[in-house]
Amino acid sequence: MKNRHAPITVALALAALLTTACTDSPEPRLTVLPTSPATPSATSGVTPASPDASGGTGTGAAETAVACAGGTATIAGEGGAYVVSGDCGQIVVQGSTLTVRLDGAGTDGTAGGATAPGVTVRGEGNTITASEVSAVTIEGQANRVDATLAGSVTVRGDRNTLAVTGEVGSLRITGNSNTVDAASVGSVTVAGESNTYPGS
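Residue -14 is where the sequence shown starts when you use our numbering, and the numbers rise one by one after that.
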């Protein structure tokens, strides 16, 4: 007759032997961890760039060209660098942290000239660079527009900035803590608090 308890007895004996071997080992154990790949140090001057909406890296990224369909170019989203070329009647920028350059529009040398586009900026933290613009409307918060000449300018919201190297035909500011810097301004209408503009 076979002993049914023999396999259990052998298993218990083997477990006891392994436990004893583990506890009686006089040598210390050494754990080796794999090394991680080298990463740039904080002082190396190399900062990895994060991707942006244009598919670039945000730091020196190539600009994405924007078509002017039906006389209006609309740029929306979050992040990215864009360029609008040629004659375009209206440029609308809406979103956040967008960088837009208007190239080749408004070149007849007068504020609000026939080839100068109108620009509307909505959202937050957008930056627009242009030569000449016929009209600028800045809405939202912390947006910036740089231009050489501007026809009419309306600044709404708070902490927006407009920098014009030449003249501004007419200026209307509502909201607070907006800054307008220009060589000269025609008519001025201002509401709100802590706004800065020529003649303030």
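The C-beta atom is built at its ideal place from N, Cα and C for all residues, glycine as well.
These numbers come from a predicted model, not from an experiment.
Helix, strand or coil for SER179? Go by DSSP, reduced to three states.
coil
What does the alpha-carbon distance come out to for the pair THR174 and ARG157?
5 Å
DSSP on LEU147, reduced to helix/strand/coil?
strand
ALA61: which of THR82, LEU134, SER137 and CYS73 sits nearest, CA to CA?
THR82
Can you tell me whether GLU63 is buried or exposed? The criterion is at least 16 other CB atoms within 10 Å of its CB, across all chains shown.
exposed
How about VAL149 and ALA135: do their beta carbons lie closer than 8 Å?
yes
Am I right that THR159 and GLY177 are in contact with their C-beta atoms under 8 Å? What's the rounded C-beta distance?
At roughly 6 Å, the Cβ-Cβ gap stays under 8 Å, so THR159 and GLY177 are in contact.
Select from CYS73, GLY184, VAL106 and GLY103 the residue whose C-alpha is nearest the C-alpha of ALA54.
CYS73
Measuring CA to CA, which of GLU117, VAL78, GLU48 and THR84 is closest to GLY154?
Nearest neighbour of GLY154 by Cα position, chosen from GLU117, VAL78, GLU48 and THR84, turns out to be GLU117.
Please work out which residues of its chain come closer than 6 Å, Cβ to Cβ, to ALA101, disregarding the five sequence neighbours upstream and downstream, and give them in chain order.
GLY91, GLU117, VAL118 and SER119
For GLY80, which residues does DSSP report across the bridge?
GLY62 and GLY108
Name the DSSP beta bridge partners of ALA127, please?
Paired residue(s): none; ALA127 is not in a bridge.
Who are the Cβ neighbours of THR181 in its own chain at under 6 Å, not counting the five residues just before and after it?
THR164
Identify every residue that forms a DSSP beta bridge with ALA135.
Looking at the DSSP output, ALA135 shares a beta bridge with VAL118 and VAL153.
I'd like to know whether the C-beta atoms of THR114 and LEU87 end up nearer to each other than 8 Å.
yes
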